[in-house]
Amino acid sequence: MSDSDLETFRAQTREWLEANCPTEMREPVRDEDDVYWGGRDATFKSDAQKAWFEACRDKGYTVPAWPKEYGGAGLSPAEAKVLREEMSAIGARPPLSSFGIWMLGPALLHFGTEGQKQKFLNEIARGEIRWCQGYSEPGSGSDLVSLQTFGEDKGDHWVVNGQKIWTSYADKADWIFCLVRTDKANKYQGITFMLYDMASAGVSTKPILLISGNSPFCETFFDDVEVPKSYGEDVPAYVGEVNRGWDVAKYLLGHEREMISGADGGDRTSAIGAALTRANGEIDPVLRAELAQFDVDALAYAAMGEKFLDEIKVGKAHPAQPNMMKYAGTELNKRRHELIMAAGGSTALEWESEETGGGKPSRGWLRTKANSIEGGTSEVMLNVISKRILDLPGA
């Protein structure tokens, strides 16, 4: 696409956003209800949220870079970048948040059958299905391949028994993409990447209360859960090959780390100096300098994220680059919330008042402590970076 064609697309995108993105959907996200996750039991917080989602769904803008036949808009990487830039320029909220978009979708596009793509990708794009991820177990976190959840082969189905932990929003999800051991004799080539309904008999969840007072994570239990091997012609209940799910899992982890890092320059890594100054009035010169340094680093990180996304789309990204982005994004987000707390003074320590939105600053700050654990600990990320990018010897 030529530069002139891209500028024409940019002008058309601005015009479309102006006509279709309600004013309310251009305001910062204040609480979890401001985020629309979709799913079979989903409800909209407001008419504006509903209108914005439906406009983007119909345009293919919930997953703009996906092919049109799978619910996307079929945008080129350059066009998708323009759309991100223009949505960011007006502060537009994402029309749909989804682990299906961020993690499962890319894996299905790469490993899925045509039947799986037609079924699941379109359901994800239309916000009809909400997914959760079944990876970590009580004894299998960083050493994920030691997982013990087992699927016993019963011919036309598996019977799955085991437990997952830190399963984000498992209590709200419709389906799960889950790593299940199907061959106990082979550590790596004995894991299958299964897809099944969370309403299946034998599936139960128990929320895990965090120090922030919120509970996005769950323990998830599977007690004699029957998982069919197929959901129809060319729609197997597993992605890739049976016993080769680790290949899919590794591919998906790269996208998860990209999402956690905020590599697209989203709210986690945006500049905060001007907003905090407006909200809190005069700020100590030392703190003001720290805010300025953060804003510079946030802009640099956003630029690095754009470069990374461009490289990964054309197959030139280093395989360990998601680890680097995840680590850097984690540290940046933790700094962001430390500065928010510092700028807010004693008021930011408050936990329940209307003035602080129910303790949003302090709860958000506490929540960031998990960033260096979820999706791979910072220690593991640094080990991968040292070995794979810097070529340093192992310990």
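Under the UniProt record's numbering, residues 1 to 395 are what the sequence shown spells out, in order. Cβ coordinates follow ideal geometry from the N, Cα and C atoms, glycine included.
Buried or exposed for residue i, going by 16 or more other Cβ atoms inside 10 Å?
| i | result |
| --- | --- |
| residue 397 | Given that the chain is displayed from residue 1 to residue 395, the structure contains no residue 397 and the question cannot be resolved. |
| L349 | exposed |
| residue 432 | Here the chain has residues from 1 to 395 only, and residue 432 is not among them. |
| S136 | buried |
| V63 | buried |
| V227 | buried |
| A328 | buried |
| G139 | exposed |
| E379 | exposed |
| G232 | exposed |
| D174 | buried |
| T330 | buried |
| G345 | exposed |
| A274 | exposed |
| L17 | buried |
| L392 | exposed |
| T167 | buried |
| Q12 | exposed |
| G155 | exposed |
What number of angstroms, rounded off, separates the C-alpha of residue i from the C-alpha of residue j?
| i | j | result |
| --- | --- | --- |
| F53 | E7 | 25 Å |
| D264 | D310 | Low confidence applies to D264: its pLDDT is 49, below 50, so where it sits in the model is not reliable, and the reading given next is rough at best. One C-alpha to the other measures close to 11 Å. |
| E241 | F308 | 29 Å |
| P319 | P236 | 28 Å |
| P67 | M341 | 43 Å |
| R40 | P207 | 20 Å |
| A51 | A125 | 16 Å |
| residue 423 | Y238 | Residue 423 lies beyond the residue range present for the chain, which begins at 1 and ends at 395; the question has no answer from this structure. |
| A170 | E374 | 15 Å |
| R130 | G71 | 15 Å |
| S215 | A19 | 37 Å |
| Y188 | K334 | 34 Å |
| D197 | K229 | 13 Å |
| residue 396 | F9 | Past the edges of the chain, shown from 1 to 395, lies residue 396, and the structure says nothing about it. |
| C21 | G105 | 25 Å |
| L109 | H337 | 35 Å |
| G112 | F99 | 16 Å |
| A55 | L209 | 36 Å |
| E123 | L179 | 21 Å |
| residue 404 | H157 | The chain is shown only over 1 to 395; residue 404 falls outside these bounds and no answer can be derived. |
| residue 445 | S4 | Not covered by the structure: residue 445. The range shown for the chain is 1 to 395. |
| A89 | R14 | 10 Å |
| R93 | R26 | 6 Å |
| G315 | S97 | 26 Å |
| P95 | E85 | 15 Å |
| C132 | T377 | 20 Å |
| K369 | F217 | 14 Å |
| G115 | S386 | 40 Å |
| L252 | I101 | 11 Å |
| G213 | P361 | 12 Å |
| K172 | G38 | 10 Å |
| L366 | D234 | 45 Å |
| A289 | L276 | 13 Å |
In the DSSP assignment, the beta strand (DSSP E) including residue i goes from what residue to what residue?
| i | result |
| --- | --- |
| A133 | The identity of residue 133 in the sequence shown is Gln, whereas the question assumes Ala. Looking at the DSSP string, the run of the beta strand (DSSP E) that includes Q133 is 131–134. |
| I208 | 203–208 |
| W158 | 157–164 |
| A38 | Contrary to the premise, residue 38 reads as Gly rather than Ala in this sequence. Per DSSP, G38 belongs to no beta strand (DSSP E) and is neither H nor E. |
| L179 | 175–181 |
| D153 | 150–153 |
Between which two residues does the alpha helix (DSSP H) carrying residue i extend?
| i | result |
| --- | --- |
| D5 | 3–20 |
| Y196 | Premise fails: Y196 lies in the beta strand (DSSP E), 191–197, not in any alpha helix (DSSP H). |
| L83 | 77–89 |
| P216 | Segment: none, P216 is in no alpha helix (DSSP H) and carries neither H nor E. |
| P285 | 285–313 |
| N243 | Element bounds for N243: n/a, residue is neither H nor E. |
| A170 | Premise fails: A170 is in no alpha helix (DSSP H) and is neither H nor E. |
| residue 445 | Lying before the first or after the last residue shown, residue 445 is absent from the chain, which here runs from 1 to 395. |
| R278 | 273–280 |
Kindly indicate if chain C contains any beta-carbon less than 9 Å away from that of residue i.
| i | result |
| --- | --- |
| A279 | Reference to chain C is not applicable here, since this structure consists of a single protein chain. |
Should the stretch 116–128 be regarded as contacting the stretch 80–90, the criterion being three or more beta carbon pairs within less than 8 Å? no
For the 8 Å Cβ check, are there 3 or more pairs between the stretch 280–293 and the stretch 137–156? Flag = no, the stretch 280–293 and the stretch 137–156 do not touch.
To test your reading of the DSSP string, which unbroken alpha helix (DSSP H) runs of 4 or more residues are found completely within the stretch 316–388? 321–344, 360–367, 378–384
Taking contact to mean at least 3 C-beta pairs separated by less than 8 Å, is the stretch 341–357 in contact with the stretch 293–306? no
Do the stretch 269–281 and the stretch 221–237 meet, that is, are 3 or more Cβ pairs less than 8 Å apart? no
To test your reading of the DSSP string, which unbroken alpha helix (DSSP H) runs of 4 or more residues are found completely within the stretch 91–142? 105–111, 122–125
Does the pairing of the stretch 149–164 with the stretch 24–35 give three or more beta-carbon distances under 8 Å? no
Which whole runs of the beta strand (DSSP E) in the stretch 39–76 are 3 residues long or more, in chain order? Qualifying beta strand (DSSP E) stretches: none in this window.
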